[in-house]
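Residues -28 to -1, 1 to 333 in mature numbering (1 follows the signal peptide of the UniProt record, and there is no 0) are what the sequence shown spells out, letter by letter.
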Amino acid sequence: MTRVTGIRMARSVFLAVAVLVAALVATSADPPAMATAASSARQGPAPAPAPAARPPAQLSGDLHAHDPALIREHGPRGSWYVFSTGDPAVGDGTVQIRRSADLGHWSYNGTVFSRIPSWVREAVPGVTNLWAPEVTFHDGRYYLYYAASTFGSNRSVIGLATNTTLDSDDPGYRWVDRGEVTTSVPSDDFNAIDPGVVTDAEGTPWLAFGSFWSGIRMLRLRWPDGKVAPGQGEPLRLADRHVPPNAIEAAYVVARNGWYYLFVSLDFCCRGTDSTYKIAVGRSRSVSGPYVDELGTPLAHGGGTVILSERGTMIGPGGQSVFGDVLAFHYYDATANGDFRLGLRRIQWTAGGWPRVADRP
């Protein structure tokens, strides 16, 4: 064999190997389907579908929504909905609903109930409105969780209502109250308000909740009734600032790419332009924690990476929920004497898997 022939053969072998390696790399740039499914089963459910549209630079219409829970109706052309804390002067203070076709213009769409359920009034004397709802979809049904309390008290309840549709024009539209999910009383060290629901890798739903007192807690739920699963001890502990008055609340958990992200609101809401609310986050490989922030500080020991705080005339953003890559929250508008408004921002994710909030929607 001549040297030239040997070189040519070597090049041929090299090219064949290179082609084979390139093919293998191309097919493994993302894990094979079977491996991806196995990883998803271990680490968490697939992320929520990305929204069809991004929030526009300016929202319009009825934006008077506090503690907004954002969801898109199931289906390719579903409308967007925001469920929010009730106003005592409207619908007996029950959960309010707003609707949008494009995430930009919002219209008032009534209340969940015509009046506060009688069992809630008995459980929480003096209640005037329902707070901080959460809405999730499972197996053809929408589950709406809501809280009832009075300001500064932990005599509180979290209740549940269900519906088969969010479209108020649908003949089957009807919110059915399912009663109590969990409760707290003054002898407890937690406060049963601000529900947030996430489903884990095995399909088990979990309820994160809490406000001040001992911080953010968690209970396991069960399908199909959406109530607390039996046989649990005290609620799990997810986040605690430890320094009185432990100003942390509004838990919302998102499953994404093998991680669970715990979003919380820190400091004080409901004070107009004096509000100091801000949104922070931590993450965990397990839905029940431990959650740590970007610096590695556990949220159970005061951690939390702040991702949104006061910006210009937007004061005290918080009371958040997440759908796809859209963060919904309320804030206090310095141009409107501190009145509250609905805010929407797009979430961008770093290469390391941490959320960032865009400066503009």
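In this text, a Cβ means the ideal position worked out from N, Cα and C, and glycines have one as well.
| said: If we require 3 or more residues per run, which beta strand (DSSP E) segments fall completely within the segment 146 to 222? | reply: The DSSP assignment places 148 to 156, 168 to 171, 177 to 181, 188 to 192, 208 to 211 as complete runs of the beta strand (DSSP E) inside the segment 146 to 222, in order along the chain (cut-off: 3 residues).
| field | Cβ shell of Ala41 (< 6 Å), same chain only, five flanking positions each side left out | value | Phe55, Pro105, Glu106, Val107, Ser293
| Val129 lies in the beta strand (DSSP E); which residues open and close that run? | 128 to 135
| task | Would you kindly work out how many angstroms separate the C-alpha atoms of Ala133 and Lys199, rounded to a whole number? | result | 11 Å
| task | Rank Arg127, Tyr263, Asp331 by C-alpha distance to the C-alpha of Asn163 and give the top, closest one. | result | Arg127
| What are the boundary residues of the beta strand (DSSP E) that includes Trp326? | That residue, Trp326, is in no beta strand (DSSP E); it is neither H nor E in DSSP.
| For Leu31, which three-state DSSP category applies? | coil
| field | Distance CB(Arg318)-CB(Ala330) smaller than 8 Å | value | Yes.
| field | Limits of the alpha helix (DSSP H) - the one that Val236 falls within | value | Run containing Val236: none in the alpha helix (DSSP H); it sits in the beta strand (DSSP E), 231 to 238.
| field | From Trp195, Ala211, Val157, Glu221, residue whose alpha carbon lies closest to that of Ala272 | value | Ala211
| task | Determine the DSSP secondary structure at Thr83, reduced to helix, strand or coil. | result | strand
| message | Could you compute how far the alpha carbon of Pro19 sits from the alpha carbon of Asp305? | response | Legend: pLDDT at Pro19 = 41, less than 50; position of this residue unreliable, no value from coordinates given.
| field | 8 Å Cβ cutoff met for Arg255 and Tyr232 | value | In this structure, Tyr232 lies closer than 8 Å to Arg255 by Cβ.
| CA-to-CA distance, Ala119 to Val96, given in whole angstroms | Their Cα atoms are separated by approximately 10 Å.
| request: Could you pull out every residue in the same chain whose Cβ sits closer than 7 Å to the Cβ of Leu35, ignoring the five residues on either side in sequence? | output: Trp78, Arg313, Leu314
| message | I'd like to confirm the pairing. Which residues does DSSP put opposite Trp78 in its beta bridges? | response | Gly33
| request: Mark Asn135 as exposed unless 16 or more other C-beta atoms lie within 10 angstroms of its C-beta, in which case mark it buried. | output: The residue in question, Asn135, is buried, as its Cβ has 16 or more Cβ neighbours within 10 Å.
| field | Environment of Ser247 [buried if 16+ CB atoms lie within 10 Å] | value | buried
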